[in-house]
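Chains as they are written, first to last, in this note's numbering: chain A, 80 to 512; chain B, 80 to 512; chain C, 80 to 512; chain D, 80 to 512. Don't be surprised by glycine CBs; every beta carbon is placed ideally from N, CA and C. Note that the structure is predicted; figures quoted are calculated from it, not measured. Everything on this sheet refers to the single structure shown next.
There are 4 protein chains.
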Amino acid sequence: MAERLREEKVFKDPVHRYIHVRDQLIWDLIGASEFQRLRRIRQLGTSYVTFHGAEHSRFNHSLGVYEIMRRILGQFGRRLSFSFSEEERLLCLSAALLHDIGHGPYSHSFEKVFHTEHEEWTRRILVGNTQVNKILRSVSDDFPWKVAAVIGKTYENPLVTSLISSQIDADRMDYLLRDTYYTGTNYGFFDMERILRVLRPLEDKVVVKHTGMHAVEDYIVARYQMYWQVYFHRVTRSAEVILRKIFERARDLYRAGYTFNWRPAHFIPLFEQNITLEEYLALDEPTVMFYMNEWCREKDEILCDLSQRFMNRRLFKYVEYGEKVGSVEWKREVDELFRSVGIDPTYYLGVDSPSDLPYDVYRSGDDGDRTPIYLLMPDGKLEELSRRSVIVESISGKRRYDHKLYYPLDLLDDGTRDPNTVREIKRRLRVHQ
Amino acid sequence: MAERLREEKVFKDPVHRYIHVRDQLIWDLIGASEFQRLRRIRQLGTSYVTFHGAEHSRFNHSLGVYEIMRRILGQFGRRLSFSFSEEERLLCLSAALLHDIGHGPYSHSFEKVFHTEHEEWTRRILVGNTQVNKILRSVSDDFPWKVAAVIGKTYENPLVTSLISSQIDADRMDYLLRDTYYTGTNYGFFDMERILRVLRPLEDKVVVKHTGMHAVEDYIVARYQMYWQVYFHRVTRSAEVILRKIFERARDLYRAGYTFNWRPAHFIPLFEQNITLEEYLALDEPTVMFYMNEWCREKDEILCDLSQRFMNRRLFKYVEYGEKVGSVEWKREVDELFRSVGIDPTYYLGVDSPSDLPYDVYRSGDDGDRTPIYLLMPDGKLEELSRRSVIVESISGKRRYDHKLYYPLDLLDDGTRDPNTVREIKRRLRVHQ
Amino acid sequence: MAERLREEKVFKDPVHRYIHVRDQLIWDLIGASEFQRLRRIRQLGTSYVTFHGAEHSRFNHSLGVYEIMRRILGQFGRRLSFSFSEEERLLCLSAALLHDIGHGPYSHSFEKVFHTEHEEWTRRILVGNTQVNKILRSVSDDFPWKVAAVIGKTYENPLVTSLISSQIDADRMDYLLRDTYYTGTNYGFFDMERILRVLRPLEDKVVVKHTGMHAVEDYIVARYQMYWQVYFHRVTRSAEVILRKIFERARDLYRAGYTFNWRPAHFIPLFEQNITLEEYLALDEPTVMFYMNEWCREKDEILCDLSQRFMNRRLFKYVEYGEKVGSVEWKREVDELFRSVGIDPTYYLGVDSPSDLPYDVYRSGDDGDRTPIYLLMPDGKLEELSRRSVIVESISGKRRYDHKLYYPLDLLDDGTRDPNTVREIKRRLRVHQ
Amino acid sequence: MAERLREEKVFKDPVHRYIHVRDQLIWDLIGASEFQRLRRIRQLGTSYVTFHGAEHSRFNHSLGVYEIMRRILGQFGRRLSFSFSEEERLLCLSAALLHDIGHGPYSHSFEKVFHTEHEEWTRRILVGNTQVNKILRSVSDDFPWKVAAVIGKTYENPLVTSLISSQIDADRMDYLLRDTYYTGTNYGFFDMERILRVLRPLEDKVVVKHTGMHAVEDYIVARYQMYWQVYFHRVTRSAEVILRKIFERARDLYRAGYTFNWRPAHFIPLFEQNITLEEYLALDEPTVMFYMNEWCREKDEILCDLSQRFMNRRLFKYVEYGEKVGSVEWKREVDELFRSVGIDPTYYLGVDSPSDLPYDVYRSGDDGDRTPIYLLMPDGKLEELSRRSVIVESISGKRRYDHKLYYPLDLLDDGTRDPNTVREIKRRLRVHQ
């Protein structure tokens, strides 16, 4: 079943040094056009606006997750004499490699505006009429469905699932290290090698040998820091807000029968909420960028202005939203004030409210469907991590929000608006001048 | 003249840790649309095909060159009490930042096929009707011309020029370190901090204090290694060859009156060799990718096949070209054999012959217009580097070539060709089976 | 007053890359014999037993603290236009360089057994008849006293003091990074450059610009991790316990009139609690090692056995001490049992109870005399760190203890003891077999 | 024969991240007192005087060589299905671990003055009455002799020998990386992982797959740089010269019947050239330091002065020796001039002439008994490295010397000497003032 390559293939990787491929299956999957397409989708969406180094693709990250999985299985075999069946071994590796294959360009904004879900597209790519599907079926007819089940967390052996998506999995370990490397920040760094050595497969889950507690603590803090220092960076989010507004404006214009200079052929199926798998796969970041470039020259002032802002990093400012400012009433008044100085709040006022639950003990909520981390104590019993670590306990189960309202300060100051109203707007937005 | 920012701006950079901006001029240049455009052009063109980490942009590199220049000037000031006039200080910084601004997408292939020159476009961007030009003129009316002169190596003060383009300059130092970092190889690493400390401005050039000789040796070897290990990697070049063939095919089709599914509007000015500055600036990698994606569905088989090869990394194989194989006669015969099995050699046989002159003493030839590196000896005299270093001497003045002929092995093996001719072709191409 | 060196001196340092010396005063202090002596005292005492890389000296660390201080002052000057008087500048640098000069060999064990205090010896070296004192007096007659006051935290300007000893100071920043580097662990790593950029001198203390909160969080967690992962490592502490027992045994033998093979001349003033400055300075690690080597051949079995254990890493095992085991009564019984199988508990049972207070808000207790860390908020107000950071809050003010009882398992198992008693001892010590 | 540990032991190592021990034999050897003694001997002798970070011990390095050997064998097994017999596997590992076990303190100076040879002591420790010997004999009676044969390069299977001592072996790879890490220089860095992947056992030697040529080039240049930048650093050599003079003076005094304050018991067997294995093993760096400390207080002025110089880094200056200065005649005159101002040239003038042969093709000379490096070409033939690499060719077979004469400039300037003679001496020594 599992054909080995005559000679191991090796990729040079800045994060894991080398990525090793020994199975024909994996080699073929990497060559599939749906996988190569991940080269054209950046791992961190708009983060490059803030951290110019963060230009790495999901292709990059997917190889990394695969490599970590390969090393975990190697450790299990070499040190613990534990091994999966040959099919489950390939399942682990394929699921690791393909877990993000459904992602589109700038997923975060894209999905919010167009109501697509990358998880759903992942499933469709795996089981639909694709190169990836054909390759997976070389293992067995139901293999694509099994890979989809693992990624969708419904696979029968939860041990396999937990290696890819739990609170300490191959996916998270790779993205923390990789995003740290490319952004040049150090927050996401932790001793992965140590963690790999203390992971233990135990019935239906992976647990951590108690001597590794501090290494895992370090990993949890690394993840926490990356969320607040990198992923939720206020400047990145300003770019995200603008991107969403661009997509909304283009969609609204299309629906209103507006004639574009350059017909947005690739976007129309999205605007009409009627997109095929083939059309979805044709949507990558260069395509979005191509239209954005054109939109910089559109006659519609709003679409044109927003696109130029995005391309040339002329971003929105923000005000913290929530304590004294931020009620529905307050927002309605600000909207009105914007309208009265000729700025459409639909496209020029954007609320962004990311939140993160850095670690959770219970199986509830969106992130909460990840099992907690258990320490394997010397006496053979399991103890949940946050009961031993005050640091983890301090951030456990606490969802933290960050609400911000983004707005174009430069427009207010362009000299064409009524000074009194502008002053009033600024007072409400707490602009210090 | 040189307005300082109220508060220093800082970019996080994985290579230099932080990039510091203190001048309003530099801040404004970074925000110019022509500079932001460099975010959409990768530093290493097709190298990402071989080294998946190498997805960084010229924006990235340009900031790095600027930062190195800033540090060189800082060292000169702090340690040597040497400083340029305020205008020349800004000139150094601006030229460092903008030295690559004329680059287009995949310059290497692009320029070969379309006979454009990024140096010429740099000049046109600096002195033409652009945001960059407007910002530069805020210093003085002839400042854009001065920046162009520095980059073009015709500026009156050769000391300024040599900081940006000599055999040891801010440009080279940044790209070696940066390309090493992103590819994950270690070949390009050297101790830049040490080199910065031993650089000495001396009349019309920058020399190196003799105690730094081994550090400079290390830099020269690093550069040499990067050329042969990374820049001229055989797999990258295969992608380059295919890219050139794609451009050639598209151009030939256009000229032949072929009707494209999707009219290649952005390419037509190039095909007609009649491209304006604005049209040139609209050409970035996403645009090329956009068309390439479309060409994957073109009815012309050659354009379609080549585009799919490029997108999905189905590359050409190669044969070393030059010793026993490779004469004009030999090539003509191989062309004929290809034709006889129905493969057009114009688009399916590509010769690639990069060469490098790692270090040169004399002022002749293309790279040779870079002054040699001088060591400042204890007695105050200058000695040319290769006279003191056997390692540098060993590679000095020796241009090394690498000729390869690229061809599609899979096409020959697709089962539709005459087996005898295919066997004969393989014999000539020395395919081991 | 402050003579500058004609040419800056530079030390290559693996942690800070380069250490720069520009003042004659600093250069002279580094050359003083009392400072060179720090080359012969390891930074981490017995940690090398656990982490073989940790062989670096206090000389190493002292240079590092100096360099960080130099960079802090540089940042203050360049970015904030804040500068100390020339005398206080030298005071900062000298105090940073000399803050550990009173340390003896294996201070931790040494001070416990012989009741010396390195802080007191630091003071005596600074103001006594030493080379360091002579050099410091070249600044002004009372300069040595001022340096002593800064190190002793009694200097009149608390801003100066806080740069060297507060909860985020040059000393801590260097040792975390340095000990991390040499041990090869990653726990102590944090982004020092970022922290230096957000430090702000504000009246009598150094505060942190609010944008640096997460970087400081990272530093606090790094420190916390290093304490539990490195400094309090159970194996290191086993070596510490043995070392203390050796010193105690040698002292007790001396007091009992025992005749040593090799008269412990250098230790006698300590044994007699009557040691001069010159005698103290002659005590370095090689001296201790020299005697330890000799003691490996002493006829007294206990001194000989303990010394061989230390030299050849034949360490004690431990039992967690405190929950069910560990009462005074329990300990008395274990002592008795040891005695009954012929092992003297005075020298073969050692309790070790390190504790750490990772961060504290109040000015009480031993570590608590360090001021809390304040964030400088956008509105100009100060907020104490743990009020903004849940992570810091979680470890703030909580002193954590770790009690262990160390004992020689191999002695119990040497086959010469009564098996029933040994079994009983093991049961009490919870030895799993 | 080869008992495996129940659980793998792991050492944290800054260079190789982790060092893995799975064999009881290796674990026992590491615990042997002769091996633990290597903790008390620095890897780079006096280099710490120049590079303060270089305080790491031979213990450190020996573990590293062992780990590289373990990885080489792992690669051979996993990738090439090549394996040694179980005995030869242990032989490789043991020889790697123990190859430096005969080293004494400051070997370089020590061996020159006292005519000891660490290779000979290695042999004696392996086959003599030692713990190491006893442990090795647990494999087989002649196993210690086999280990000695491998280290002495007389073992019957040259493949085994070449893994430990050839021009690219586990020893060299470790010391380059390790010394680079601890000094903080970057010169010795190369991509070891890559090299391990291209090593191929081929009959009686290890060859390099041709694709690894540039990685090996990098390694050769790294080695070359380390010799001239670190190992032969002029300041380190000044300390070496002084150390030799101290040893010579102490020996000469002893022979002349001088009465030392503190009888140099540990040195006397050396002075009398009649030293036993036990006495040799008792000589470590702390012992040498202990006496040096005492000698700083000796009444003999020369011994006292030289010792203080060494301890407090008051070093000699140097003059390049060889071009215009340096003939026998010239030296005799300088000696005479020194004598005439009351400075004994025997102890105050020292010539130091290290040389290095960075790579050699032939089997002649001291370093030359190392086989050249062969590349395994695609056609299965071997080609010697320097025939393919111009860089290696440039330094191949060229022994480079560096002669320097060291002298105490400060003594000449102490104001007690005849000014005219001093002026004449300085003229001859080319002192620039």
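With 16 as the cutoff for other CB atoms within 10 Å, does residue i come out buried or exposed?
i, result
"C:Y260", "buried"
"A:V295", "buried"
"D:V226", "buried"
"B:A318", "buried"
"A:V285", "buried"
"A:G494", "exposed"
"C:L332", "buried"
Checking contacts by CB at 7 Å: is residue i closer than that to chain A?
i, result
"D:E296", "no"
"C:D270", "yes"
"D:R96", "yes"
"B:H99", "no"
"C:S244", "no"
"B:F369", "yes"
Taking DSSP as the reference, what is the three-state secondary structure of residue i?
i, result
"D:E87", "strand"
"C:Y397", "strand"
"B:S136", "strand"
"D:R342", "coil"
"B:V295", "helix"
"C:K378", "coil"
"C:R392", "coil"
"C:E364", "helix"
"B:E351", "coil"
"D:I325", "helix"
"D:A335", "coil"
"D:T129", "coil"
"A:E82", "coil"
"D:A111", "coil"
"C:H178", "coil"
In the DSSP output, which residue or residues are listed as bridge partners for residue i?
i, result
"A:H99", "A:V89"
"A:K288", "A:L455"
"B:R118", "DSSP output for B:R118 lists no bridge partner at all."
So is residue i in contact with chain B if we call contact Cβ pairs under 7 Å?
i, result
"C:R509", "no"
Under 7 Å, Cβ to Cβ, is there at least one residue of chain C near residue i?
i, result
"A:V300", "yes"
"A:I470", "yes"
"D:K91", "yes"
Counting only runs that start and end within the region 430 to 506 of chain D, where is the alpha helix (DSSP H) found for 4 or more residues in a row? 469 to 474, 488 to 491
In chain order, which continuous runs of the beta strand (DSSP E) of length 3 or greater are located wholly inside the region 196 to 283 of chain C? 278 to 281
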